[in-house]
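See below for the structure under consideration.
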Amino acid sequence: AQSVTQPDIHITVSEGASLELRCNYSYGATPYLFWYVQSPGQGLQLLLKYFSGDTLVQGIKGFEAEFKRSQSSFNLRKPSVHWSDAAEYFCAVGSFSGNTPLVFGKGTRLSVIA
Amino acid sequence: NAGVMQNPRHLVRRRGQEARLRCSPMKGHSHVYWYRQLPEEGLKFMVYLQKENIIDESGMPKERFSAEFPKEGPSILRIQQVVRGDSAAYFCASSPPSAQAGEQYFGPGTRLTVT
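The listed protein sequences correspond, in order, to chains U and B.
Here the first sequence is numbered in this note's numbering, starting from 9 and rising by one per residue.
Here the second sequence is numbered in this note's numbering, starting from 104 and rising by one per residue.
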């Protein structure tokens, strides 16, 4: 069965510092991986996605993620965090067949301090 | 192109009442998914529908919950005889017929509070 693990429930970083959010997945075939961001009381916004090809993918708002098959990981990174990045971040995995449900991790809450 | 619309955004129901949540997918999208987010949890899949068909309801509780996506109009998630444990955020997502793997667009959610 597919599963996604986000080991960090809550992370606090200083504004301007770098950020890495961890995501590990379990999936029987080639995974299709996503990162979403959710601001308080809001819906989910897609940050980036990996389907195939280059294992380093660029997303919106200066985020990037690297797919590492050997480690079953898809960690999200940002070189310099802004206060507006404070939100909940969800990693998700989908299947090759386009129209199938996504499986989400439990999320990592990011706090940004001055 | 308007995004996925959900209404109401907030819904308060007393125990035993019915809750009806609506989702209008993006234009041209014929696939709808419903997810539930409990406090401090990620999103959990409930049901996947195409127009007039339920494709996968493996995540939906067997009792009190039902979903439909009629030929005309929004998709409806109905919860009968709500209980406090139904309090959650319910998100709808839509995708086009030829979606790339997992390409889903999410609505803003309906936050259901059962008192």
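A virtual CB, placed ideally from N, CA and C, is assigned to each residue, including glycine.
Just so it is clear, the structure is predicted and the values come from calculations on it, not from any experiment.
- U:E23, enclosing beta strand (DSSP E) - first and last residue: Within the first sequence, numbered from 1, the residue matching residue 23 of chain U stands at position 15. No beta strand (DSSP E) contains U:E23, which DSSP labels as neither H nor E.
- From this set, B:E160, B:R117, B:R125 and B:E206, which residue's C-alpha is nearest B:Y193's C-alpha? As a first step, residue 193 of chain B is located in the second sequence; it is residue number 90 there, counting from the start. When each option's Cα is compared against that of B:Y193, the closest is B:R125.
- Nearest CA to the CA of B:R65: which residue from B:G210, B:V217 and B:T218? This structure gives no information on residue 65 of chain B, because the portion of chain B shown stretches from 104 to 218.
- Item | Element boundaries [beta strand (DSSP E), containing B:S197] | Translated into positions along the second sequence, residue 197 of chain B becomes position 94. B:S197 -> beta strand (DSSP E) spans A191 to S198.
- Please look up how many angstroms separate the CB atoms of U:F71 and U:L55, rounded, as I've assumed it's under 8 Å. Locating residue 71 of chain U in the first sequence gives position 63, where the first residue counts as 1. Locating residue 55 of chain U in the first sequence gives position 47, where the first residue counts as 1. That belief holds up - the Cβ atoms of U:F71 and U:L55 are roughly 5 Å apart, short of 8 Å.
- Query: By a C-beta neighbour count over all protein chains shown, 10 Å radius and 16 as the cutoff for buried, is B:S178 buried or exposed?
  - Reply: Locating residue 178 of chain B in the second sequence gives position 75, counting from the first residue. Looking at its Cβ environment, which holds 16 or more other Cβ atoms inside 10 Å, B:S178 is buried.
- Message: For B:F172, would you say it is in contact with chain U, using Cβ-to-Cβ distances shorter than 8 Å as the test?
- Response: Reading the second sequence from its first residue, position 69 is the one you call residue 172 of chain B. Not closer than 8 Å to any Cβ of chain U, the Cβ of B:F172 fails to qualify, so no.
- Message: By the DSSP assignment, the beta strand (DSSP E) with U:G102 in it spans what residues?
- Response: Residue mapping note: residue 102 of chain U aligns to position 94 of the first sequence, counting from 1. A95 to G102 is the span of the beta strand (DSSP E), which, as asked, contains U:G102.
- Query: Which chain U residues are close to B:Q207, counting only those with a beta carbon under 7 Å from its beta carbon?
  - Reply: Within the second sequence, the letter at position 104 stands for residue 207 of chain B. What B:Q207 touches in chain U: L110.
- Message: 8 Å is my cut-off, CB to CB: does U:L52 come that close to chain B?
- Response: The residue labelled residue 52 of chain U in the question sits at position 44 within the first sequence. Interface residue, yes.
- Three-state secondary structure (DSSP) of B:K147: Here residue 147 of chain B corresponds to residue number 44 of the second sequence, with the count starting at 1. Note: B:K147 maps to strand in three-state DSSP.
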